[in-house]
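Start counting the sequence shown at -1; every next residue gets the next number (this note's numbering).
Working notes, structure below.
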Amino acid sequence: MNSSTLEMRNISISFAGFPALRQVDFTLEGGSVHALVGANGAGKSTLMAVLSGTHDHYTGQITIDGQPVTVKLPHQARTHGIHLVQQEVDVALVPTLNVAENIMLDTLSEPGHLHNWSDIYHHAQRLIDQLGLSINLRGRIESCTLAEKQLILLARALSHKCRFLILDEPTAPLDQAESERLFALVRKLKAAGMAVVFISHRIHELRDICDRMTVLRDGRLVSDDSMEGLTNEHIIEKMIGHQLEDIYPPRRPPHSPETLLRIQGMHDKDKLRDISLSLHRGEILGIAGLAGAGKTELCKALFGATPSQVESGELNGKPWKPKEPYLSVELGLALVPEERRKEGIFIDEDIPMNLSVTADDSFSRFSIFNSRQALSWAKDIMGRLGIRASGPLQKLARLSGGNQQKVAIGKWLRSESQVLIFDEPTKGVDIKAKTDVFRLIDGLAQQGKGIIYASGEFAELVGLCDRILVLWDGRIVAELNAADVDEEILLMYSTGGTPA
Ligand SMILES: Nc1ncnc2c1ncn2[C@@H]1O[C@H](COP(=O)(O)OP(=O)(O)OP(=O)(O)O)[C@@H](O)[C@H]1O
Ligand SMILES: [Mg+2]
């Protein structure tokens, strides 16, 4: 492949008067990986939406190898070899089509084309092999994991003559091993002359695979540098405009010995085996595990969102077994789910509506929804979590990915719940917002609530939790004091290892 250079110059775009990008320049070289970073809502996805032909109302120029090109429609971008693997994978997949059809979607949707199905499957298989993925081509999209969905979209991009590949937060749903596999692939594509844009909030990964880095802040270009010599501190400072002193809150005073929730011998149909755990008042209990270990299954089963069998259990001193989500909420249990876009928020509603639906009726005394109170509460939460939007009445669908996550977390902060279960709460959330989320969760624990915090980000578990349970293949394989462990120890247990 001959490598090409793409330049975006002076790109500006507004939505209903809100400037999402202001005169941004961005240069992409073939044979290199280019990091695009910035806080939630900085404009990363919007800049890449422009480049992939999603918007036609921007101003500015795009050239490839010095030649001006028109990119105002998705097919125009594709003609130039520009392909985007979106941040919200579900939006780009068609659930009624199978895996192979989703991979070959662009070819299948070309008008006036007669398809040779054996060619289609053959081509899809070749792409899957190239990605080192083992997946049933005739399988349903629904039964794919997030990591698989991501790779299906990547395969779709590679089904064309791709010169410029955009990966918008590709590692958010991946664990460390899956990310490594993706990086190996990205390195191969780069060696073949492709230009890759890589967006991520995991700052430590950037130096692994990126050659250059562009930083956006509030829709403006802040810097464009070679990755060489940049430290994590430099990157954070460029992103948020100042240094970040402490990522984790100071150690909490010891929590109460009182048991808030206890469960003995929990099983489910597919994954969970003989889970026993207890949670104390004021404690943050971490659940560590790689993708597929059963963290999400455990969170959902505890909340009663999926069926499980339990030998015995207690909540707030009374016998209890998880049954149905609405009963859990009545008993003071809350779950912030992993796939928030699908399960945790109302995408077509505005921010106050989303923040108040779970707030225990406190805005709807006598069934009258008090929108003024809801609005002032929304403004407060937006300030505390740094939610970037054109205003509180913006629909969730129009917020950036990370800002949607913050709304999903924010809506529980007012609740009367005694036990809060967080499933990967910081996924897709920028570094500053992460520290805000940690502080909020720490504050909830200090108020005497019990927190269950499931995550594949082991550094976060060590930094935030009191005690950590490690899940491996649906079982708890270790119970550790957070003060005595580090990331390596968690990684060892979570890959099924035992101490030498
Ligand atoms: N179609 C749209 N309509 C209205 N506002 C939009 C639209 N697309 C983007 N915006 C706004 O533009 C800003 C930039 O959003 P963008 O999605 O580019 O952020 P991002 O840098 O990708 O953030 P994240 O890290 O959270 O994914 C946000 O404030 C967002 O609400
Ligand atoms: Mg984005």
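Note that CB positions come from ideal geometry on N, CA and C, so glycine has one too.
Sub-8 Å separation of residue i and residue j beta-carbons
i	j	result
I139	L103	no
R7	G58	yes
G280	G441	no
V417	T424	no
L313	I419	no
L270	G290	no
C160	I150	no
R210	M225	yes
S415	L331	yes
I343	A431	no
A443	I449	yes
C297	A452	yes
L163	H78	no
L172	A145	yes
K393	D464	no
Buried versus exposed call for residue i [16 or more other C-beta atoms within 10 Å across all chains shown]
i	result
G511	No statement about residue 511 is possible, as the shown extent of the chain runs from -1 to 498 and does not include it.
F364	Unreliable positioning characterises F364 in this predicted model, as indicated by a pLDDT of 43, which lies under 50. A coordinate reading is not provided.
N134	exposed
T68	exposed
Q241	exposed
A189	exposed
Y324	exposed
N352	buried
I366	A caution first: I366 carries a pLDDT of 49, below 50, which makes its placement in the model unreliable, though a value can still be read off. I366 should be labelled exposed.
A170	buried
T94	exposed
Q84	buried
V97	buried
Q148	buried
S254	exposed
V89	exposed
E256	exposed
A395	exposed
G454	buried
CA nearest to the CA of residue i, picked from the options
i	options	result
V427	V468, K447, G384 and L462	G384
G217	R473, I439 and R386	R386
I60	P168, Q416, Q21 and L34	Q21
H32	S274, L165, H73 and K147	L165
G302	S326, G315 and P317	S326
P72	V87, D88 and D54	D54
L391	L373, I11, S157 and S254	L373
L459	A480, V97, I245 and Q74	A480
P335	K409, A395 and K321	K409
S388	L411, D348 and E146	D348
R473	K377, I273 and R124	I273
L397	E86, H199 and R437	E86
S1	F24, I62 and A47	I62
P247	S492, G15, L438 and A37	L438
S43	I234, H199, W318 and E455	H199
Backbone CA spacing between residue i and residue j [nearest angstrom]
i	j	result
G287	Y56	43 Å
G461	I9	40 Å
T496	L219	48 Å
G41	A18	6 Å
R370	F13	26 Å
G381	W375	10 Å
L329	R205	46 Å
V194	L26	8 Å
S276	L258	8 Å
S221	L283	39 Å
S360	Q262	Caution is warranted here: a pLDDT of 47 is assigned to S360, below 50, making its placement in the model unreliable, and no coordinate value can be reported.
L64	F196	Note that residue 64 corresponds to Gly in the displayed sequence, not to Leu. Going by the C-alpha atoms only, they are around 23 Å apart.
D358	P350	Confidence in D358 is poor, its pLDDT being 48 and thus under 50, which makes the residue's placement too unreliable to answer from.
Q402	V35	18 Å
L45	S30	19 Å
L152	H278	44 Å
N230	H202	7 Å
E108	R250	59 Å
L125	L106	16 Å
P252	I466	15 Å
T304	D421	15 Å
V48	D378	32 Å
R76	L156	11 Å
L4	D23	11 Å
Y491	S116	44 Å
D244	P317	40 Å
G39	G400	7 Å
G227	N100	41 Å
key: Chain-ordered residues, beta carbon under 7 Å from a heavy atom of ligand 2   = K42, S43, Q85, D166, E167, I197, S398, G399 and G400
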